[in-house]
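Residue numbers (UniProt numbering): 1 to 285.
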């Protein structure tokens, strides 16, 4: 998963080096072909006791990504390459040249840098990768989406959810563009404090009540659940039956979470004769 480079004291030297590298791979098995861009940290927030979000201003105007993809994250002076999923919509990049990441605290050097060293105006380099994405074209057949997230696996699925909302707005405003079906998010975490971006998720549910729905699961809740969250919360893991109830030929399934979770649900979907082309999953930690 990780690659090692000599330390760099200047991010411009880092970009120069990376542009000369061929066939480098990360997370998955696809070679890198996308742009390496300088980026500057322009916002940071605590999303949970263990997760910090960053907002990055991306310098290269040709830098782009598809909802669900991740970035290799190059930090001057840190020899280990980070790999973090983008949690913002491509529309944010198009309009404001920004992307958002959410990084869980671990002992991995890039994560430690994000939590302990990163400050506003810190400079890094980023490059897009990954084959886990949702990028429908206007003439494509309408599809429903079922998004299944565990823990910090919500990050790429939030990007997809936000992109779906942008498509719904475009369709409503312009009467054109891709016509998406319904979207159901299943999201599991230990407790409500670890349910990342819950306000953003519920805002989308309330904005599009006929199109977007969510089921939030907690597995080790020890405190009282707030009245605002309670209608959406189920105590216990996401079940195979819940997912099975959403199977149809028009539905795409996106799964991201701990490997046992992605293995379980992808296998269950295959057992219920869901086409492999309709099952997308990301597991890398």
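Think of the CB as a built atom: it goes at the ideal place given N, C-alpha and C, for glycine as much as any other residue.
Cβ neighbours of residue i in the same chain (closer than 8 Å, five flanking residues each side left out)
{"i": "residue 226", "result": "192"}
{"i": "residue 272", "result": "244, 247"}
{"i": "residue 268", "result": "240, 243, 244"}
Cβ neighbours of residue i in the same chain (closer than 6 Å, five flanking residues each side left out)
{"i": "residue 93", "result": "99"}
{"i": "residue 115", "result": "52, 105"}
{"i": "residue 370", "result": "Summary: the structure shown does not reach residue 370, with the chain confined to residues 1 through 285, and so no result is reported for it."}
{"i": "residue 170", "result": "177"}
{"i": "residue 135", "result": "66"}
Backbone CA spacing between residue i and residue j [nearest angstrom]
{"i": "residue 113", "j": "residue 131", "result": "27 Å"}
{"i": "residue 73", "j": "residue 63", "result": "14 Å"}
{"i": "residue 187", "j": "residue 180", "result": "21 Å"}
{"i": "residue 35", "j": "residue 58", "result": "11 Å"}
{"i": "residue 291", "j": "residue 109", "result": "The structure shown does not extend to residue 291, since the chain is modelled only from 1 to 285, so the question has no answer here."}
{"i": "residue 213", "j": "residue 183", "result": "6 Å"}
{"i": "residue 43", "j": "residue 125", "result": "16 Å"}
{"i": "residue 137", "j": "residue 155", "result": "23 Å"}
{"i": "residue 147", "j": "residue 185", "result": "5 Å"}
{"i": "residue 275", "j": "residue 129", "result": "24 Å"}
{"i": "residue 283", "j": "residue 277", "result": "17 Å"}
{"i": "residue 81", "j": "residue 175", "result": "43 Å"}
{"i": "residue 221", "j": "residue 233", "result": "11 Å"}
{"i": "residue 235", "j": "residue 190", "result": "10 Å"}
{"i": "residue 258", "j": "residue 152", "result": "9 Å"}
{"i": "residue 60", "j": "residue 140", "result": "30 Å"}
{"i": "residue 145", "j": "residue 67", "result": "13 Å"}
{"i": "residue 122", "j": "residue 97", "result": "16 Å"}
{"i": "residue 158", "j": "residue 77", "result": "31 Å"}
{"i": "residue 287", "j": "residue 197", "result": "Absent from the model: residue 287. The displayed extent of the chain is 1 to 285, so no value can be given."}
{"i": "residue 202", "j": "residue 219", "result": "20 Å"}
{"i": "residue 117", "j": "residue 107", "result": "13 Å"}
{"i": "residue 75", "j": "residue 37", "result": "12 Å"}
{"i": "residue 347", "j": "residue 230", "result": "Given a span of 1 to 285 for the chain in the structure shown, any question on residue 347 remains unanswerable."}
{"i": "residue 241", "j": "residue 207", "result": "27 Å"}
{"i": "residue 251", "j": "residue 85", "result": "23 Å"}
{"i": "residue 264", "j": "residue 215", "result": "18 Å"}
{"i": "residue 165", "j": "residue 204", "result": "7 Å"}
{"i": "residue 270", "j": "residue 249", "result": "13 Å"}
{"i": "residue 210", "j": "residue 150", "result": "24 Å"}
{"i": "residue 50", "j": "residue 167", "result": "31 Å"}
Sequence-distant residues of its chain with Cβ nearer than 7 Å to residue i (five each side left out)
{"i": "residue 266", "result": "255, 279, 281"}
{"i": "residue 237", "result": "188, 217, 219"}
Bounding residues of the beta strand (DSSP E) (the contiguous stretch that carries residue i)
{"i": "residue 282", "result": "279-282"}
{"i": "residue 269", "result": "Element bounds for residue 269: not the beta strand (DSSP E) but the alpha helix (DSSP H), 259-271."}
{"i": "residue 255", "result": "251-256"}
{"i": "residue 243", "result": "Element bounds for residue 243: not the beta strand (DSSP E) but the alpha helix (DSSP H), 240-244."}
{"i": "residue 129", "result": "123-129"}
{"i": "residue 233", "result": "233-235"}
Buried versus exposed call for residue i [16 or more other C-beta atoms within 10 Å across all chains shown]
{"i": "residue 119", "result": "exposed"}
{"i": "residue 262", "result": "buried"}
{"i": "residue 172", "result": "exposed"}
{"i": "residue 90", "result": "buried"}
{"i": "residue 79", "result": "exposed"}
{"i": "residue 341", "result": "The structure shown does not extend to residue 341, since the chain spans only 1 to 285, so no value can be given for it."}
{"i": "residue 162", "result": "buried"}
{"i": "residue 142", "result": "exposed"}
{"i": "residue 224", "result": "exposed"}
Proximity test, residue i beta-carbon vs the ligand PLP heavy atom, cut-off 7 Å
{"i": "residue 161", "result": "By its list of ligands, the structure shown contains no ligand whatsoever, and the ligand PLP lies outside what it can speak to."}
Start-end ranges of the beta strand (DSSP E) lying completely within the region 147-225, minimum 3 residues: 183-189, 212-218
Within the region 46-112, ranges of the beta strand (DSSP E) (whole runs, at least 3 residues): 51-58, 70-74, 82-85, 98-104
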